[in-house]
Structures are given as structure tokens and as C-alpha cells.
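In the numbering used here, the protein residues as written are 2 to 363.
Here is the structure we will look at.
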Amino acid sequence: MKTEYITITDERDSESIQKAAAVLKRGGLVALPTETVYGLGANALDAQAVHKIFAAKGRPADNPLIVHIADFDDIYSYVEEVPPRAEAAMRALCPAPLTGIFRKKACIPDVVSAGLDTVGVRIPDQAVTRAVIRAAGVPVAAPSANRSGKPSPTTAAHVKEDMDGRIDLVVDCGPCAVGIESTVVDFSGEVPVILRPGRIGPAELKPFFPRIEVDRRTIDLSSAQGPVRSPGMKYKHYAPDAEVYVVEGSEEATCAKIVELARKSHGRRIGILAQQEDGRAFETCADVVFHGGRTLEEYAAHLFDLLRRFDEEKADVVFAQLIPAGDMALAVRNRLYRAAANRIIRTEEDRPAMEETKEGTQ
Ligand code: TXA
Ligand code: MG
2 MKTEYITITD
12 ERDSESIQKA
22 AAVLKRGGLV
32 ALPTETVYGL
42 GANALDAQAV
52 HKIFAAKGRP
62 ADNPLIVHIA
72 DFDDIYSYVE
82 EVPPRAEAAM
92 RALCPAPLTG
102 IFRKKACIPD
112 VVSAGLDTVG
122 VRIPDQAVTR
132 AVIRAAGVPV
142 AAPSANRSGK
152 PSPTTAAHVK
162 EDMDGRIDLV
172 VDCGPCAVGI
182 ESTVVDFSGE
192 VPVILRPGRI
202 GPAELKPFFP
212 RIEVDRRTID
222 LSSAQGPVRS
232 PGMKYKHYAP
242 DAEVYVVEGS
252 EEATCAKIVE
262 LARKSHGRRI
272 GILAQQEDGR
282 AFETCADVVF
292 HGGRTLEEYA
302 AHLFDLLRRF
312 DEEKADVVFA
322 QLIPAGDMAL
332 AVRNRLYRAA
342 ANRIIRTEED
352 RPAMEETKEG
362 TQ
């Protein structure tokens, strides 16, 4: 299959929008940008088309897909019930990097929900993609457009690396602003549970709910409490070829620790993912130094691109500096811990990472 690439810079470019919509309507696969990462879209009501997503990604069949819609009111065609507080939250916050899990209607094929009786629904904050969804007139099932096990794609070039020749069309709108995937919140029970942290954090959800839980597995990858509520949590994800270590704590402590570890790693090609502005201390002891960004928002936006670049640079080992602060700490930790397969070095024993993420966090 030959993959076509089009750039759409304006949601009023109706010719290009119609072209992408036509591919979806005839059961094809279209990579679409969102504010988080690029998604690999197909008509969510067409089981055949959705099967092709799993084949193109090499994705396990028990991992459900998120259904993307353009307007909140469309949600009632696909889910049985939206609890009033969840409705208030989604109406107020969306379009946003927020996926709500609800009990699904029968029109959503089992292949989308991977046999679960729930479905994740999201309204992406990307006007071009919403225009494509509206023009197609169908909801769009879309996982991240990476091969399974690779970091999520945040540019059309990443999609090309993973999907060229496997899908019909790539819509390029430039790099994704948020850079890490949406917050997934299970709204189908009494108390909402954050299953995957993202840019929308507990603080933004708090005004709408008396209580919010955070699933322990978001941060404690070895946690074995109860059944896995989000199948995606079982799988190794965002895994670069290099052995990644997260070095977490204050700027001074993490900097000293990374320099010490790098000096001990003779004979290996060393990468450092820096968060601090001044990376001079790192340049003398590593082969490849990338700067993720000072704030965790910037760090998140660059994270997946830089993980791919460490692979291109053939780094054997990567030390990723993490100076946690604010609402994005949970989301960035979750992605880094997974990339690092749980190799975490905490430089300050008195500030355990779990502190603010215990189940039942309000
Ligand atoms: O930002 C995003 O969410 C991106 C863009 C493209 O929208 N999409 C994305 O999709 O990250 P994916 O398939 O790579 O990740 C979806 C996650 C998986 O961990 C999956 O297990 C979980 O959401 N999920 C989907 N439906 C679910 C459901 N009904 N119950 C529990 N977890 C669900
Ligand atoms: Mg994914």
C-alpha cells in the first residue's frame, strides 16, 4: 500500500478535509493529529476498518481503542449513560486531552472496546481533526499512530517512520502541542478513577467531583492490586532501544547523580535527557545530551521525540532527569517510568514518588 501525505493548516481547507473524510468513509486508515499525539483513525462503526488498525500497529486485540467525536452532544449516540458530574466536567473542559470511559451502546463494535462493555470517548482539541470527523459523519476510533511498543508519534515524520506503507493517508498539522496522551478517566462507576494521567490533572477535575481516585498502576508499575482496569497498562510501552534510568529529585541532586552514573558507565554510548537549563555539567560526561525543557509542560511536549532520537543516536543507556513539580508531575512520571521499565533512581529518600499519588487522592 502506498501511503499518501497531506498537510492541512486550516480547518476551512474543505477540499483536503473532504479527502481525508472520504478515506475514513470507505473504510481506510488515516493518521490524524490531535493536541496530544497523532492517532491512527478508522470509522469506529466499521468493524472491518477497525481490525486494520490492530494489524497496522501490531496491537494486542485485548487493548481497547478511544472513540473520537467532534461535538459533545454526539456522545449520546455511542454511550448508554453519562453521569451528570461527568457531563458537567466534559462540557466545561472539552475539547481537551481528556478521555472519559462510559458504558457503551451496542453500535460500538466489540473490536473497538476489546470486548469490554465500556468505551473511551474523547473530543480532541485539534480543529482540523474535528473538521475531518464532522465531514466523515462517523465517530473515529484511534489509538496512537505508533507501532505497538514504540513511543507515541508527535510529528508526521514519526508516523511515517512507523506506518509508511501500512496506512492510506497521513494528515500533517505539525508537531503536537501537549506531546503525551490524554488523561483517561473511568466515569462508569461511583467515583471517577484516573487510569492514565495526562495534561488534565486531578486539580482540573476536582471542582466537578466530591472525590477522585488515581489508579496505583499509573505510577507504581509493579502494583498488583486488583484487576487491571485499563488493558493498556499491562503492556510495555514507550520503550526506546536504550536502557533508560529516571533520576528523580531536585536539580542539584539529580545533576550530581547523573554525572556520577555517567562516569561509571564506561564503554557504553551514554545519553542524557536534561531538564535543567544549563547542561554544561552533562556535556563532558555523555555522548548525546538533549534538553527536554525547563517546565514539565515543555518536557512532555518533547519527550517522545527525544526518546526516538536517542534510538537514532544509538544510545545504549539514557539517564532522564526528572525534577517533579506541579500538576504535570504525575503524567510525566508515568511516561518516563514506563520508558524506563521502572528503573528509577530517587535522589531524595524523604520524598517518595508515591506520596501524592496514593489511591484515593482527593
Ligand atoms: O491522547 C490520546 O488519548 C491518543 C490520541 C490519538 O487521542 N490516543 C491514545 O490511544 O493514546 P491509545 O489506544 O494509544 O491508548 C488508549 C488507552 C489504552 O491504555 C487503553 O487500554 C485505554 O486507553 N482504554 C481505552 N478504552 C478503554 C476502556 N473502555 N476501559 C479502560 N481503558 C481503556
Ligand atoms: Mg498508544
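C-beta atoms are modelled at their ideal positions from N, C-alpha and C, and glycine is treated no differently.
Where the beta strand (DSSP E) through residue i begins and ends
| i | result |
| --- | --- |
| residue 169 | Taken as a continuous stretch (DSSP letters only), residue 169 belongs to no beta strand (DSSP E), as it is neither H nor E. |
| residue 123 | 119-123 |
| residue 68 | 67-69 |
| residue 345 | 345-347 |
Other residues of its chain near residue i: CB distance less than 7 Å, five sequence neighbours each side excluded
| i | result |
| --- | --- |
| residue 45 | 51, 68, 109, 113, 139, 140, 141 and 142 |
| residue 245 | 319, 321, 340, 341 and 344 |
| residue 117 | 65 |
| residue 1 | As displayed, the chain neither begins before 2 nor continues past 363, which places residue 1 out of reach and without an answer. |
| residue 156 | 176 and 306 |
| residue 264 | 286 |
| residue 231 | 185, 196 and 197 |
| residue 315 | 270 |
| residue 56 | none |
| residue 298 | 329 |
| residue 165 | 4 |
| residue 338 | 220, 222, 247 and 345 |
| residue 292 | 275 and 280 |
| residue 309 | 152 and 159 |
| residue 327 | 297 |
| residue 300 | 276, 293, 294 and 333 |
| residue 90 | 206 and 209 |
Strand pairing of residue i, partner residues [DSSP]
| i | result |
| --- | --- |
| residue 105 | 80 |
| residue 187 | 102 and 194 |
| residue 52 | None, per the DSSP bridge assignment. |
| residue 42 | 31 |
| residue 86 | Residue 86 pairs with nothing; no bridge assigned. |
| residue 451 | Here the chain has residues from 2 to 363 only, and residue 451 is not among them. |
| residue 8 | 173 |
| residue 159 | Bridge partners of residue 159: none, in fact. |
| residue 222 | According to DSSP, which records beta bridges pairwise, residue 222 is partnered with nothing at all. |
| residue 94 | Its beta-bridge partners do not exist; DSSP assigns none. |
| residue 215 | 195 |
Cβ-based neighbour list, residue i, same chain, cut-off 8 Å, excluding 5 preceding and 5 following
| i | result |
| --- | --- |
| residue 81 | 103, 104, 105 and 106 |
| residue 346 | 246, 247, 248, 249, 258 and 262 |
| residue 251 | 324, 348 and 349 |
| residue 92 | 73 |
| residue 312 | 241, 242 and 243 |
| residue 6 | 157, 161, 170, 171 and 173 |
| residue 254 | 348 and 349 |
| residue 353 | Its pLDDT being 49, under 50, residue 353 is placed unreliably in this model, and the coordinates cannot settle the point. |
Residue interval of the alpha helix (DSSP H) (run including residue i)
| i | result |
| --- | --- |
| residue 16 | 15-26 |
| residue 134 | 128-137 |
| residue 112 | 111-114 |
| residue 336 | 330-340 |
| residue 204 | 203-206 |
Sequence-distant residues of the same chain with beta carbon closer than 6 Å to residue i, five excluded per side
| i | result |
| --- | --- |
| residue 278 | 295 |
| residue 66 | 113, 142 and 144 |
| residue 213 | 193, 203 and 206 |
| residue 325 | none |
| residue 29 | 169 |
| residue 200 | 98 and 179 |
| residue 63 | 115 and 232 |
| residue 376 | Because the chain is modelled from 2 through 363, residue 376 falls outside the range shown and cannot be assessed. |
| residue 60 | 149 |
| residue 129 | 9, 12 and 174 |
Cβ contact (3+ pairs, closer than 8 Å) linking the stretch 41-53 and the stretch 182-189: no
Taking 8 Å as the threshold, find out whether the stretch 100-120 comes into contact with the stretch 11-28 through three or more Cβ pairs. no
Jot down the residue ranges of each uninterrupted beta strand (DSSP E) in the stretch 235-320, minimum 3 residues, whole runs only, in chain order. 244-249, 271-275 and 289-292
The stretch 93-103 touching the stretch 155-170, judged by at least three CB pairs closer than 8 Å: no
How do the stretch 120-134 and the stretch 68-77 stand: do at least 3 beta-carbon pairs fall below 8 Å, yes or no? yes
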